[in-house]
Structures are given as C-alpha cells and as structure tokens.
C-alpha cells in the first residue's frame with residue numbers, strides 16, 4: 061500500500077476518533093488511549109514523508125489541518 065493511501069486511512073481514522081463522542085462519553089480513558097494511538101500512528105507516517113512531498117500536503121499535516129489533508133489526499137489518491 062502506498063504511503064499516501066496509508067496517510068489517507070490514518071487521517072480518516074484520527075478524525076473519526078475525534079468525532080466519536082459516544083465512545084468518549086462511554087469510556088473517556090479508553091477513548092483518549094485510542095486517540096493517542098491514532099495520533100501516534102499518523103505522526104509516524106508523516107515522519108516517513110519523502111523530501112519531495114507536495115508542500116501543500118506537508119503544510120496541512122505538519123499544522124494538523126487534518127480535514128484539509130484528507131480532502132487533498134482524497135483528490136490525489138485513487
């Protein structure tokens with residue numbers, strides 16, 4: 061699987077976890093742990109970006125503009 065496809069999935073997973081208020085309300089500690097795991101996975105993928113990564117995508121990811129990053133990735137990854 062390509063790095064961009066992995067990034068797309070990881071960004072979506074992190075956004076989904078942030079939005080999962082039912083999980084947070086049911087078990088805040090478990091939700092926080094899952095959110096930290098999703099964030100850590102995403103951070104590890106961002107660290108693997110090659111130097112020639114599109115500067116717009118890099119900007120979105122480094123600034124944690126994940127909704128914008130996801131939109132960029134959805135347009136760029138088939």
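In the working numbering, the protein residues as written are 61 to 138. Glycine is no exception: its CB is placed at the ideal position from the N, C-alpha and C atoms.
| Asked | Found |
| --- | --- |
| Sequence-distant residues of the same chain with beta carbon closer than 7 angstroms to residue 94, five excluded per side | 77 |
| Residue 109 (DSSP reduced to helix, strand or coil) | coil |
| Coarse secondary structure for residue 71, derived from DSSP in three states | helix |
| Helix, strand or coil at residue 137 according to DSSP, with G and I counted as helix | coil |
| Residue 19, DSSP secondary structure in three states | Any answer about residue 19 is impossible in this case: the structure gives the chain only from 61 up to 138. |
| Assigned secondary structure, residue 104 (DSSP; H/G/I helix, E/B strand, else coil) | helix |
| For residue 118, three-class secondary structure by DSSP | helix |
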